[in-house]
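One point on numbering: in full-length UniProt numbering, the residue at position 285 of the sequence shown is 285, and numbering is uninterrupted. Even glycine gets a Cβ: it sits at the ideal position worked out from N, Cα and C. On a predicted model such as this, the values are computed, not experimentally measured, just so you know. Accompanying notes for the structure given below.
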Amino acid sequence: MFGLRLCPWLQPGIRVCTVSLQTVHKLASLQKAKTLPPKKVQSLLYPFSGLEGYLDRSVDRTQFQLFHPSLEDMLEAEKLFCSTPAHKIDYYVSAERMDHVPALKQPEVCFIGRSNVGKSSLIKGLFSLTPEVEVRVSKTPGHTKKMNFFRVGKAFTIVDMPGYGHKAPQDFVDMVEPYLYTRKNLARTFLLVDGSVGLQRADMIALEMCEEIRRPYVIVVTKIDKCGQGALLTNLLNLQDVVKRQTTSCFPQPMLVSSLHFWGIYLLRCFIAHVTGSIKLTDTSQS
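Here's what the structure looks like:
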């Protein structure tokens with residue numbers, strides 16, 4: 001089902017992840033997760049697969065499966081999220097204004113979303129193989145007040161942006177809009193939407209901002225474990241209708257994730273590695 005032609009980890013010249021003494025989640029590594037029962041692995045790799053059975057036959061599933069890399073590709077991407085002496089992953093700097101933003105040349109991706117949508121938790125999940133990287137997570141909305149930059153070796157940078165909406169920094173627009181408009185090495189913006197509540201008014205404003213900027217962005221649906229499948233599907237189909245009718249720069253496929261259960265984390269790692277040019281995919285078709 002997954003094309004189990006696994007890339008050996010221990011060949012000469014292959015980067016190997018050294019595990020930190022700090023606690024690593026048991027599902028952080030796809031190498032370990034793939035030993036689970038096939039149905040469990042399928043839901044971890046492609047979260048949408050668990051929802052398909054509840055959809056009416058008339059619903060077009062194509063847009064949910066446009067990016068469907070192989071297990072081998074996801075394993076290759078995973079290596080980029082393992083810190084080694086030659087490929088160091090670390091928190092780099094925080095910035096409140098564009099004149100504080102570091103002049104980095106490598107491709108960059110940023111995460112924006114409503115306060116408490118789960119941006120920091122998601123980034124912590126992406127970096128779970130390198131737990132010494134400090135990604136501060138709080139249950140208090142508006143905890144992130146600055147643009148936080150994390151370097152992934154020389155491959156790319158991930159930026160955690162302040163949340164908008166309730167408890168957002170007063171200068172959120174002055175901080176974020178100039179970055180999105182002028183950052184030349186920005187490869188992709190990820191707009192996070194809470195899957196348990198669906199698109200909110202603040203999300204629509206952020207979506208309109210992304211459309212005005214006319215740069216490619218992707219919607220990431222978070223907290224898909226926080227509601228029933230019926231509610232999630234309703235919110236997801238409403239979201240897809242908005243994407244289809246009201247956007248031109250948004251990638252048609254939403255990325256479904258649960259930072260708690262690691263659903264979709266491996267797929268998102270692979271997508272980031274792909275859009276930053278860090279890996280070359282062998283196959284993106286559904287296998």
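Residue i: first and last residue of the uninterrupted alpha helix (DSSP H) it sits in
{"i": "F271", "result": "I265 to V275"}
{"i": "M74", "result": "L71 to K79"}
{"i": "D203", "result": "R201 to I213"}
{"i": "S121", "result": "K119 to L126"}
Residue i versus residue j - alpha carbon distance
{"i": "T276", "j": "M74", "result": "15 Å"}
{"i": "F64", "j": "P252", "result": "8 Å"}
{"i": "V218", "j": "F111", "result": "10 Å"}
{"i": "V152", "j": "L126", "result": "11 Å"}
{"i": "P102", "j": "L236", "result": "36 Å"}
{"i": "L21", "j": "P85", "result": "Confidence in L21 is poor, its pLDDT being 43 and thus under 50, which makes the residue's placement too unreliable to answer from."}
{"i": "S249", "j": "L239", "result": "15 Å"}
{"i": "M147", "j": "Y92", "result": "11 Å"}
{"i": "V135", "j": "V176", "result": "19 Å"}
{"i": "G142", "j": "R201", "result": "Its pLDDT being 46, under 50, G142 is placed unreliably by the model, and nothing is read from it."}
{"i": "L36", "j": "H25", "result": "15 Å"}
N- and C-terminal bounds of the beta strand (DSSP E) containing residue i
{"i": "I158", "result": "F156 to D160"}
{"i": "G113", "result": "E108 to G113"}
Outcome for residue i when other beta-carbon atoms lying within 10 angstroms are tallied against a minimum of 16
{"i": "S128", "result": "buried"}
{"i": "P47", "result": "buried"}
{"i": "K280", "result": "exposed"}
{"i": "M204", "result": "exposed"}
Below-8 Å beta-carbon distance, residue i vs any chain B residue
{"i": "I213", "result": "Of the protein chains in the structure, only one exists, and it is not chain B."}
8 Å Cβ cutoff met for residue i and residue j
{"i": "Y266", "j": "L104", "result": "no"}
{"i": "V257", "j": "I224", "result": "yes"}
{"i": "T282", "j": "S83", "result": "no"}
{"i": "L192", "j": "V117", "result": "yes"}
{"i": "V109", "j": "F190", "result": "yes"}
Proximity to residue i [Cα-Cα], best of the options
{"i": "D174", "options": "V109, P162 and T35", "result": "P162"}
{"i": "P178", "options": "A187, R97, D56 and L268", "result": "R97"}
{"i": "G53", "options": "R245, C270 and G230", "result": "G230"}
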